[in-house]
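Encoded as structure tokens, the structure appears first; notes follow it.
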Amino acid sequence: MDATRQARVAFYLTGKRPGAELEPVEGLDLRPALLARYRDLSTLRYDFPLVLLTDGEADTCVRSLSGMVDDALRQVARGEDGERVSKHVLRLEQAIRQASRGKSRSLSARWSEIAAELGPERDALLPDSLDRALEALGSDGEVVDCDGELPGRFVSHIWQTAQTKKARRLHGEIARLVHRVSNILRADLARSEKGRSADALKASLGGLDADAFDFQALSGVLSRTANRTTITAARRSRLEQLIAALQSYNFEPQAFRFTSCSEALAAWRERYPILVGVARAIAMAELEIAGDYREERHDVFFDEYGADGLSPDDIALFADYLVHVSAADMDAGEQAALMEILSSGLPMKILVQKDDILADSAPGQGGQGFARSAPHFAHMALGLNDVYVLQAPASHLLRCSGRVADGIAYAGTALFSIFSGTNGFVGDYPPYLVAAAAAESRAFPIFAYHPSAGPDWASRFSLATNPQPEADWPEHQFDYEDAERHRVSETVAFTFVDFAALDERYARHLARVPSNGRDDAMMPIPKALAVEVEGQPEQVPCTLMVDDQDRLQTVLVDERLMRETRRCRQAWHSIQELGGIHNSYAERTLAEERKAREEAVQELAEPATGTAPAPAAATQPEDAGAEAGQEAAAAIEPEAEPSPDEAYIETPRCTTCNECTQINDKMFAYNENQQAYIADVDAGTYAQLVEAAESCQVAIIHPGKPRNPDEPGLEELVRRAEPFV
Amino acid sequence: MATAASHCLLRLYEERHELEDYQSGVPRWCTGCGDNAILAAVQRLCRDEQLRPEKTVFISGIGCSSRFPHYMKTYGFHGIHGRALPVAEGVRMARKDLHVFVNTGDGDCCSIGAAHWVHAIRYNMNMTVFLHDNQIYGLTKMQASPTSPRGLRSNTTPRGSFLEAMQPLTVTLGVQNVSFVAQAVDWIPELLYDIVSAAYRHRGFSFIRIVQRCPEWLPSLFEPWLHDPERVRLLHHEDGIQVSPALARVYRNQEHHNPVDIDRAREIASCIDPIPVGILYRNPQVPCYEDLRATDHLRTTEFIKNGLEAEFDKFTVWPSA
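As you go down the protein sequences, you meet chains A and B in turn. Just so we're aligned, residue 1 is where the first sequence starts under our numbering, counting upward by one. Just so we're aligned, residue 1 is where the second sequence starts under our numbering, counting upward by one.
Encoded structure:
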């Protein structure tokens with residue numbers, strides 16, 4: 001084994017770089033090859049900065065600046081000067097993007113500030129373009145970039161929008177109930193002695209013409225004559241209590257915002273009795289307004305109201321709590337409080353912000369080097385089954401804004417696990433790039449679990465926002481120029497190694513190959529993961545990176561980092577299975593089905609032995625059809641025809657015209673649908689039956705044969721009855 | 001917004017209403033009058049849907065048919081001639097919790113109330129409207145109405161009426177925002193009930209023209225239709241009325257008609273003989289006026305007083321000091 005190979009294998013196995021064959025990567029400012037193009041994000045048009053709109057619904061109150069600019073340009077950049085307007089506005093957009101780094105400000109203020117900086121002196125038509133576009137923008141809001149504060153601001157903004165709407169609705173509803181309940185009391189007052197006193201009557205008339213009335217006399221007349229029914233003292237006191245209870249609820253969203261799970265939990269416990277009181281008052285008020293409150297039935301029920309907890313739908317009428325915690329700062333007590341909230345289904349929306357998902361335990365402290373503390377809250381919450389869970393890096397928040405809104409609207413607990421991309425060990429990489437790389441490398445996959453979206457995992461769980469969710473690693477086309485200045489194009493996967501390579505703490509697991517070229521003894525990461533190596537490896541894994549001059553570098557990866565990469569892929573596979581991708585159960589069933597089908601085909605293909613199949617097979621469907629037809633015909637066959645000798649009425653055709661019942665209401669009667677039938681044929685004469693048949697508008701009375709042979713004039717009656725037989 | 005508890009409790013102690021609970025008095029209509037069939041169908045609907053009598057209101061104008069509210073043990077408003085619809089619109093606007101029904105006749109709706117009728121269709125407020133069309137003024141003893149057939153001799157047209165009869169269905173289907181139009185005949189009670197039921201369930205202005213016999217003044221007008229099932233064409237569809245096998249055997253003249261097809265509905269509406277029976281048109285997407293104008297504003301005494309004061313102030317002449 002030559003020295004070079006020895007050094008590579010030794011590095012792979014131990015992580016040490018023994019000779020000059022391999023160089024450390026520290027200080028070389030290397031970055032993964034696929035990120036070479038993203039050195040300056042401000043020149044790119046992408047999701048950020050975002051605008052947190054002051055108007056809009058919960059699922060539409062966040063937009064990207066570029067999306068808003070595109071919409072505005074579609075409206076104003078038309079006709080001859082369209083190109084000029086577009087150019088000006090896009091220049092302004094780029095300037096806003098640069099200025100928004102780390103500083104948030106309202107869009108309108110930022111717009112005017114940048115517009116003044118760009119200056120009309122350089123381009124006289126600039127103000128015209130910008131003014132027209134600003135008018136077309138329509139809405140305003142805070143412009144925020146992807147930074148450490150983004151997760152909090154983003155979730156809080158959507159929460160605030162939803163809560164404001166909810167508060168308005170509940171306030172309106174409570175005002176309506178108070179108004180209706182007060183009306184009952186007011187009506188009672190008007191009927192009472194006090195309400196009919198001369199003073200009250202005078203006050204109700206108003207100022208003009210008050211002297212024209214003798215209120216004393218009017219009061220006397222009213223007290224003697226008008227309706228005096230008043231409500232009982234018990235009901236009056238109940239109604240007054242209802243009004244007080246309804247007015248006791250303060251739905252001020254700010255009072256429901258917390259930065260600690262245990263504080264939120266304590267507040268919930270303290271405020272719960274008030275909540276029950278208001279929910280009880282709403283329920284009682286509804287009954288009172290409908291006039292349906294019965295003390296003997298309802299008192300017992302409402303005395304015990306809320307003792308066993310309120311239903312989720314009732315709780316959902318009230319404010320949701322927002323708890324924003326940082327995963328790094330959570331001690332054991334906080335974690336226990338979080339678990340309590342998650343498992344009890346309280347109406348709390350928990351944002352767990354993670355700034356570092358590659359927390360490294362220092363060597364020699366018994367750790368494994370990598371302690372990926374990261375996604376465990378979200379994964380644990382999935383197991384609870386009724387918690388809304390969303391995991392996403394900050395870079396993908398805009399694309400997940402609908403899901404954040406869903407989580408906030410969900411009647412129960414929601415957990416948002418967000419990776420901000422700001423851990424302080426990534427040099428000058430912008431947080432957006434780090435967060436996006438975490439999603440791309442499967443280190444922080446995006447998933448959402450909506451417990452009430454359907455009955456099964458297929459409808460509840462979604463991985464769709466991930467890049468290339470079907471693949472182990474997302475693959476991209478990578479073009480570069482080789483030593484002979486030829487263009488080379490290859491497909492490169494973005495793996496966990498690339499994400500770890502952004503972090504300076506992991507530079508020790510990488511080593512640059514000075515010869516700057518790849519040979520047969522190296523293989524790309526996905527291939528290295530596919531082979532199981534025992535003993536000394538024939539090939540060592542490598543990845544492509546570029547230096548600050550954009551020169552391609554080959555970098556070797558040690559076994560420790562590879563082990564972690566394998567673990568990451570394993571975790572991704574589990575999530576994929578939950579999302580129905582490469583699901584092992586489904587694949588097994590599919591394989592069995594395929595096998596069974598192949599066997600069946602094979603059996604059919606074997607030459608038939610014994611008797612030939614019956615030729616009748618072809619005619620079978622016809623027979624079956626005929627049979628079915630007969631069955632159907634039988635189904636609509638009427639009940640047995642009534643005998644022509646018996647008197648009867650075709651009741652379903654009766655038009656309730658009263659002709660027959662007026663002739664004899666003992667003989668003819670109406671059924672539960674107000675349609676006539678013969679109730680008692682012996683309750684009248686045959687003559688009445690015939691008369692009824694003749695007068696029936698729709699001719700549905702059939703008199704049958706006479707039952708009493710002694711009735712006079714029978715011969716004539718039978719003749720008259722003939723048309724109705 | 002009701003809590004789960006109040007919602008359940010409201011339903012829990014609801015009393016079961018039988019058909020008799022909706023009956024009030026003995027109808028004063030002539031024996032054999034088609035109004036009886038309509039009353040029976042509507043009372044059956046109330047029982048089957050378990051409408052709370054105190055949450056149900058029947059509003060009518062003037063005429064034989066407009067006596068209808070007297071015979072329902074619910075709230076009622078026997079209004080003035082031709083104005084049943086404006087009253088119903090007011091009730092609907094103020095009390096969205098009520099089930100609103102309107103009974104109007106061919107004179108009440110198509111003559112003196114025609115302007116209100118056209119605009120009520122356009123407003124599309126959620127109510128069920130029964131046009132009792134017997135093609136004659138019966139209460140005032142036989143005068144021609146707008147729907148009387150040409151040539152009908154009556155007290156006002158002794159030499160026979162000169163004009164073609166108005167077709168209420170084509171008029172209704174020609175108005176913007178129309179959302180439900182059906183036709184029934186009083187002598188097929190099963191279909192009458194099915195159509196009334198479908199109309200009640202439609203959210204919007206459900207208009208049913210019910211062709212109805214008048215045994216007193218036009219006793220033989222519908223005889224030919226009554227005795228020849230071929231002269232009645234049943235409109236059936238999976239999303240409309242489904243004809244029972246027993247009925248299908250008697251009435252074989254049938255058409256499969258999709259109630260969303262307004263063009264075909266207009267063609268069917270123009271047909272006088274055979275008489276089409278069923279749902280001609282239904283579009284649940286048309287917005288209701290009361291929803292468009294809904295406001296969260298509570299009508300407190302103060303609010304009403306201020307509104308009135310503001311209106312009065314516009315016309316007040318202030319004495320110059």
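Where is the CB? At the ideal position from N, CA and C, for every residue including glycine.
Asked	Found
Taking the alpha helix (DSSP H) that H573/A belongs to, which residues open and close that run?	E559 to L578
Is it buried or exposed for A436/A, if we count other Cβ within 10 angstroms and need 16 for buried?	buried
Can you pull the chain A residues whose beta carbon is under 8 Å from the beta carbon of A37/B, in chain order?	T655, T656 and C657
Which parts of the stretch 216-244 of chain A are runs of the alpha helix (DSSP H), unbroken and 4 residues or longer, counting only runs that do not cross its ends?	none
For D520/A, collect the residues of the same chain with a Cβ closer than 8 Å to its Cβ; drop the 5 residues on either side in sequence, then sort them by chain order.	Q539
In chain A, which residues lie less than 7 Å from D186/B when you measure between Cβ atoms?	T655
I want to know whether the stretch 472-490 of chain A touches the stretch 499-510 of chain A - three or more CB-CB distances under 8 Å.	no
If we count the other Cβ atoms within 10 Å of its Cβ and call it buried at 16 or more, is G34/B buried or exposed?	buried
Which of the three DSSP states, helix, strand or coil, is assigned to P621/A?	Because the pLDDT at P621/A is just 45, under 50, the model does not fix this residue reliably, and the point stays unresolved.
Quick one: list the residues of chain A neighbouring L19/B, beta-carbon separation under 7 Å, in chain order.	E672 and Q674
Cβ closer than 7 Å: which chain B residues qualify as neighbours of H179/A?	L298 and T300
Please tell me whether R442/A and Y449/A are closer than 8 Å, where the distance is taken between their beta carbons.	no
With a threshold of 7 Å on Cβ separation, who are the neighbours of M142/B within its own chain once the five nearest residues in sequence on each side are excluded?	I136, S154, N155 and W217
Output the distance between the C-alpha atoms of H237/B and V277/B, rounded to the nearest integer angstrom.	12 Å
So F258/A packs on L322/A, CB below 8 Å; how close in whole Å?	7 Å
Between L92/A, A116/A, A596/A and F11/A, which has its C-alpha nearest T43/A's C-alpha?	L92/A
What does S176/A reach in chain B if we use C-beta pairs closer than 8 Å?	Correcting the residue type first, residue 176/A is Arg in the shown sequence and not Ser. Simply L298.
If you check the beta carbons only, do T656/A and N671/A fall under 8 Å apart?	no
Where do the N-terminal and C-terminal ends of the beta strand (DSSP E) with K202/A fall, by residue?	Where K202/A is concerned, there is no enclosing beta strand (DSSP E), although the alpha helix (DSSP H) it sits in stretches over A198 to L205.
Using a cut-off of 8 Å between C-beta atoms, extract the partners of V698/A located in chain B.	W187 and L226
Can you tell me whether DSSP reads A635/A as helix, strand or coil?	Residue placement at A635/A is flagged as unreliable, the pLDDT there being 47, under the threshold of 50; the coordinate-derived value follows with that caveat. Looking at A635/A - three-state DSSP - the assignment turns out to be helix.
Of all Cβ atoms in chain B, is any one closer than 8 Å to the Cβ of G402/A?	no
For a test of the three-state rule: what should DSSP assign to I208/B, helix, strand or coil?	strand
Would H81/B and D108/B qualify as a contact pair, given that the criterion is a beta-carbon distance under 8 Å?	yes
For the stretch 229-243 of chain A, which residues have a CB atom closer than 9 Å to at least one CB atom of chain B, in sequence order?	none
What is the residue span of the beta strand (DSSP E) that T20/B lies within?	The sequence given here places Glu at residue 20/B; Thr does not occur at that position. Taken as a continuous stretch (DSSP letters only), E20/B belongs to no beta strand (DSSP E), as it is neither H nor E.
So K305/B is in the alpha helix (DSSP H); what residue range does that whole segment cover?	T301 to F315
Against chain B, which members of the stretch 153-172 of chain A pass a CB distance test of less than 9 Å?	R168, R169, L170 and G172
DSSP three-state call for C261/A: helix, strand or coil?	helix
What separation, rounded to the nearest whole angstrom, lies between the Cα atoms of S248/A and C400/A?	37 Å
From the beta carbon of Q688/A, is the nearest beta carbon of chain B less than 8 Å away?	no
With a cut-off of 8 Å, does the C-beta of Q254/A fall near any C-beta of chain B?	no
Quick one: residues in its chain with C-beta nearer than 6 Å to the C-beta of D355/A, no 5 flanking neighbours on either side, listed in chain order?	S420, T422 and N423
Using a cut-off of 9 Å between C-beta atoms, extract the partners of Q662/A located in chain B.	T31
Could you tell me if E715/A is buried or exposed, where buried requires 16 or more neighbouring beta carbons within 10 angstroms of its beta carbon?	exposed
Could you please tell me which residues of the stretch 642-653 of chain A, in chain order, have their CB closer than 7 Å to any CB of chain B?	P652 and R653
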